[in-house]
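The next block holds one structure in the form of structure tokens; read it before the comments.
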Amino acid sequence: MKKLRLAFMVCNVFFVLAACGGKAATSEKDEKAGKTDVASIVISKGEYIIPDDKEVSEDEGYLALEVTIKNESKKSLNVSSGDISLYDENDSKVEPASVYSEDESFKLLGHDNLSADKSKTGYLVFKVDQDSQYELHFEPQYYDVENMDKEIKDVVLKIDTAEYKDTTEEPSAALTAFIDEVFLAKENEKYDTVVANNKEATAESFDEEFTKALSNFFSDYEPTNEELHQLVESFKTSNGKVAEVDQKLLSVYPNSATIQVKPKALSFDNMDDEVESLMDKYIEENKDKEYSDYQAVYVDAEKYLLENLPEVFSVASPTELDTYGDGYRIQLKKIDDKWEIDTVKSSSNNYYEYLEEAFRGGLYK
Numbered sequence: 031m032k033k034l035r036l037a038f039m040v041c042n043v044f045f046v047l048a049a050c051g052g053k054a055a056t057s058e059k060d061e062k063a064g065k066t067d068v069a070s071i072v073i074s075k076g077e078y079i080i081p082d083d084k085e086v087s088e089d090e091g092y093l094a095l096e097v098t099i100k101n102e103s104k105k106s107l108n109v110s111s112g113d114i115s116l117y118d119e120n121d122s123k124v125e126p127a128s129v130y131s132e133d134e135s136f137k138l139l140g141h142d143n144l145s146a147d148k149s150k151t152g153y154l155v156f157k158v159d160q161d162s163q164y165e166l167h168f169e170p171q172y173y174d175v176e177n178m179d180k181e182i183k184d185v186v187l188k189i190d191t192a193e194y195k196d197t198t199e200e201p202s203a204a205l206t207a208f209i210d211e212v213f214l215a216k217e218n219e220k221y222d223t224v225v226a227n228n229k230e231a232t233a234e235s236f237d238e239e240f241t242k243a244l245s246n247f248f249s250d251y252e253p254t255n256e257e258l259h260q261l262v263e264s265f266k267t268s269n270g271k272v273a274e275v276d277q278k279l280l281s282v283y284p285n286s287a288t289i290q291v292k293p294k295a296l297s298f299d300n301m302d303d304e305v306e307s308l309m310d311k312y313i314e315e316n317k318d319k320e321y322s323d324y325q326a327v328y329v330d331a332e333k334y335l336l337e338n339l340p341e342v343f344s345v346a347s348p349t350e351l352d353t354y355g356d357g358y359r360i361q362l363k364k365i366d367d368k369w370e371i372d373t374v375k376s377s378s379n380n381y382y383e384y385l386e387e388a389f390r391g392g393l394y395k
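Each number in my numbering comes from the position in the sequence shown (counting from 1) with 30 added on.
This is the structure:
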């Protein structure tokens, strides 16, 4: 079967090709399309992703193209990703990337048999240079016994990879804003534009669990809720000044992402000496004071400790907090162009619970 490199550029209300629409093929409305008597192909959208365990250089990227193939003939048509090839400016074939994702909304184009007028949609992923020209060739696999001599033409679409904006850093920006606002009492102006989680509700939930954990920190004195809340805010403020959060994008798909987080922050374990020193100081300074019982001394000593802990927080140094050793794998999903951090407490999402614990200074709730 002879390959013909033909460019079908159809400019109408349905198909907007590169030659007609300039460099704006970044939305679902900006489509590239081509058609023969046998089949048609439409690239409805494209975006850069980060597949699991894949790395690229600064100028490279994994381009995911969502394509729809339709059978335009009256007979059945076999389709698969193998019918589509990508060629660079040197006419070298670019092999499709091997990608696996548990994201059910990200379906790769697989093998199927299409009846007349039926279509199939799926993603194709190629590792490309982000500012280069390519050609996408679709060779329909159509066999007509009655017309064996009929030539089946390729559909050829021009691909300018510069048209597709790389937004793979957005989930990281969303997680940074989330950590700043929820865990560290730091204002992050990007929160409302990139994070889908309700800021006030999520922060309140974290503060409540932190308050419960802090109440268990005291054995004899029973702090009031107001005292505990003030202590939480003091800790978060001091933590926000010194905490460091290392992030690594493990995977980014159109509607989901996984980020490895390794925090370096304040830890109560590293404050043991200061805590003991404050307790000893109070007891020594008040050893001649009359108490009705022995425990009363420790009640007052812990109250003194609570009053002075903000000073301890302010001079404490951060430490690496990593229960797993390889960081916490935080899951995100895209909702209405924003990213939602998965905060649901479950056995399948214990990484987030451990991340919360880390930003509570290691205190159990």
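Backbone N, C-alpha and C fix where the C-beta goes; we use that ideal spot for every residue, glycine too.
Fair warning: this is a prediction, and the values are worked out from it, not measured in the lab.
Minimum C-alpha distance to residue i - residue among the options
i, options, result
"Gly64", "Val97, Gly76, Glu238, Glu85", "Val97"
"Glu77", "Gly91, Leu385, Gln325", "Gly91"
"His141", "Asp147, Lys123, Thr151", "Thr151"
"Thr267", "Ser281, Pro340, Val225", "Pro340"
"Ala23", "Lys183, Tyr251, Lys319, Ser202", "Residue 23 lies beyond the stretch modelled for the chain, which goes from 31 to 395, so this question has no answer here."
"Leu154", "Tyr381, Phe389, Val262, Ala94", "Ala94"
"Glu386", "Ala243, Ser131, Asp147", "Ala243"
"Glu239", "Asp210, Asp196, Glu383, Ile73", "Glu383"
"Tyr283", "Thr197, Leu261, Tyr381, Val345", "Thr197"
"Asp310", "Asp323, Leu335, Gln290", "Leu335"
"Leu261", "Ile73, Asn380, Ser103, Lys333", "Lys333"
"Ser347", "Phe248, Val272, Phe265, Ser87", "Val272"
"Thr241", "Ser111, Thr349, Leu258, Glu199", "Leu258"
"Phe156", "Lys220, Ser103, Lys84, Ser145", "Lys84"
"Leu107", "Asn143, Val124, Val86", "Asn143"
"Leu351", "Pro293, Lys317, Ser128", "Pro293"
Environment of residue i [buried if 16+ CB atoms lie within 10 Å]
i, result
"Leu47", "Reliability of the predicted coordinates at Leu47 is poor, the pLDDT of 33 falling under 50, and no value is obtained from them."
"Gln361", "buried"
"Asn227", "buried"
"Ile365", "exposed"
"Tyr358", "buried"
"Asn246", "exposed"
"Gln277", "buried"
"Tyr394", "exposed"
"Asn120", "exposed"
"Asp210", "buried"
"Ser202", "buried"
"Glu230", "exposed"
"Lys195", "exposed"
"Asn218", "buried"
"Val291", "buried"
"Lys75", "buried"
"Ser131", "buried"
Assigned secondary structure, residue i (DSSP; H/G/I helix, E/B strand, else coil)
i, result
"Gln160", "coil"
"His141", "coil"
"Tyr194", "coil"
"Gly64", "strand"
"Leu385", "helix"
"Pro293", "strand"
"Val186", "strand"
"Tyr221", "helix"
"Thr206", "helix"
"Val374", "coil"
"Phe213", "helix"
"Ser344", "helix"
"Phe136", "coil"
"Lys334", "Looking at the sequence provided, one finds Tyr at residue 334 rather than Lys. Three-state result, Tyr334: helix."
"Val329", "helix"
"Leu393", "coil"
"Ser322", "coil"
"Lys53", "With a pLDDT of 33 at Lys53, under the threshold of 50, the modelled position of this residue cannot be trusted, and the question is left open."
"Lys148", "coil"
"Leu166", "strand"
"Lys363", "strand"
"Lys311", "helix"
"Leu339", "helix"
Same chain, Cβ closer than 6 Å to residue i, neighbours up to 5 away in sequence not counted
i, result
"Ile189", "Tyr164, Leu166"
"Gly391", "Leu296, Ser297, Phe298"
"Glu169", "Asp113, Asp184"
"Phe213", "Phe389"
"Lys100", "Ser70, Ser149"
"Asp161", "Ala192"
"Ala204", "Val224, Val225, Trp369"
"Leu187", "Lys62, Gly64, Leu166"
"Ile80", "Thr198, Leu279, Ser281, Val282"
"Asp237", "Val262"
"Val158", "Leu93, Thr191"
"Ala287", "Pro201, Leu362"
Beta-carbon proximity list for residue i, same chain, < 8 Å, skipping 5 on both sides
i, result
"Lys53", "Because the pLDDT at Lys53 is just 33, under 50, the model does not fix this residue reliably, and the value given afterwards should be weighed accordingly. Around Lys53: Asp190, Ala192, Glu193."
"Asn285", "Asp133, Ser135, Phe136, Lys363, Lys364"
"Asn300", "Ala346, Ser347, Thr349"
Same chain, Cβ closer than 7 Å to residue i, neighbours up to 5 away in sequence not counted
i, result
"Val329", "Asp250, Tyr251"
"Pro253", "Ser245, Leu336"
Run through the segment 75-126 for me and flag every whole beta strand (DSSP E) of 3 or more residues, listed as ranges in chain order.
90-101, 107-109, 114-117
3 or more residues per run - each beta strand (DSSP E) lying fully within the segment 224-289:
274-283
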